[in-house]
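Enquirer: The following block contains the structure, expressed as structure tokens.
Numbering (the working numbering), first residue to last: 15 to 294.
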């Protein structure tokens, strides 16, 4: 096995905590590509290509839907497919083994809820742009969010020709207004506070920052993670991405860059950790 994997494995096993940062690259590895006009999109949304001219999943998020029945027809099909039938991928299983019993926190811009659905604790997953497995009042009459996956799967089962029955449309239990996905929404305050506490608790500790599938221009997650690596004296930065590894000079002496598929690198890291553990 590559010596570099064993070096990284040692750093992970010596860490006091692990901070995971994840973006589109992880979703794509799991088969969800918001940007691609590929066979999967054609199979799932070929009718939307013909009717609306959509060329990617993301187009539906910006479309001005004429009715709630129409809007939920699209989103129920999308979410039911990618989250309602989700089982933890090998990538997620490898990641859980890598983390082991160590304290961890997840910062992600992904909104499909896969971390929670794979078994990561929701209170330790900070979804910076919300998610689509929860919903809230569109009029924001109160701040509470509600689990949406069960209702969405029921709508998907009844969706026909891109429409869901009017009686199934989700309504606010307080004011009766239409509900909306908690996607592209400000993060929940309680999770933000959990993140701040994690940051305080592991300041000046051995912190491994594991970055998964984040492009070099990303200012939401990558830039803060690199800055944290620079600020924390005992932090180790591990970035994994396909064809795009960026590590600034200021943190090069405490960083590892792995170019290639997440699935390959996480498998190799998991095997290296298991090997190192067996020697102890």
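Ideal Cβ positions, reconstructed from N, Cα and C, are used throughout, including at glycine.
To the nearest angstrom, how far is it from the Cα of residue 112 to the Cα of residue 35?
Expert: 14 Å
Enquirer: Between residue 167 and residue 124, what straight-line distance do the alpha-carbon atoms span, to the nearest angstrom?
Expert: 20 Å
Enquirer: Taking its Cβ as the centre, do 16 or more other Cβ atoms sit within 10 Å of residue 72, making it buried, or is it exposed?
Expert: exposed
Enquirer: So, using beta-carbon positions, are residue 141 and residue 122 closer together than 7 Å?
Expert: yes
Enquirer: Please say whether residue 227 and residue 40 have beta carbons closer to each other than 7 Å?
Expert: yes
Enquirer: Do you know whose CA, among 214, 293, 269 and 174, lies nearest residue 225's CA?
Expert: 269
Enquirer: Over the uninterrupted beta strand (DSSP E) stretch that includes residue 89, give me the two end residues.
Expert: DSSP places residue 89 in no beta strand (DSSP E) but in the uninterrupted alpha helix (DSSP H) bounded by 82-93.
Enquirer: Can you grab the Cα-Cα spacing for the pair residue 290 / residue 164, in whole Å?
Expert: 42 Å
Enquirer: Looking at residue 259: is its Cβ nearer than 7 Å to the Cβ of residue 245?
Expert: no
Enquirer: According to DSSP, is residue 225 part of a helix, a strand, or is it coil?
Expert: strand
Enquirer: Under 7 Å Cβ to Cβ from residue 77, same chain only, skipping five residues before and after it: list those, please.
Expert: 66
Enquirer: Measure from the alpha carbon of residue 74 to the alpha carbon of each residue in 172, 139, 134 and 195, then state which is nearest.
Expert: Of the candidates 172, 139, 134 and 195, the residue whose Cα lies closest to the Cα of residue 74 is 195.
Enquirer: Tell me the DSSP bridge mates of residue 174?
Expert: 177
Enquirer: For residue 185, which beta-bridge partners are listed by DSSP?
Expert: 192
Enquirer: Is it true that the segment 24-38 meets the segment 214-222, where meeting means three or more beta-carbon pairs spaced less than 8 Å apart?
Expert: In this structure the segment 24-38 touches the segment 214-222; the number of beta carbon pairs closer than 8 Å is three or more.
Enquirer: Per DSSP, what kind of secondary structure is residue 244 in: helix, strand or coil?
Expert: Taken through DSSP and simplified to helix, strand or coil, residue 244 comes out as helix.
Enquirer: Pick from 169, 175, 207 and 110: whose alpha carbon is nearest that of residue 287?
Expert: 110
Enquirer: Need the endpoints of the alpha helix (DSSP H) that residue 39 sits in, please.
Expert: 38-43
Enquirer: So for residue 150, helix, strand or coil by DSSP?
Expert: If DSSP states are grouped into helix, strand and coil, residue 150 belongs with the strands.
Enquirer: Can you find at least 3 beta carbon pairs, one from the segment 16-23 and one from the segment 37-56, that sit closer than 8 Å?
Expert: Touching, no, given that fewer than three Cβ pairs across the two stretches are closer than 8 Å.
Enquirer: Does the beta-carbon distance from residue 84 to residue 183 come in below 7 Å?
Expert: Not a contact, by the Cβ cut-off of 7 Å.
Enquirer: Ordered along the chain, which non-local residues of its own chain (more than five positions away) have a Cβ less than 6 Å from that of residue 48?
Expert: Correct list, in chain order: 71 and 72.
Enquirer: Using the C-alpha atoms, what's the distance from residue 187 back to residue 181?
Expert: 15 Å
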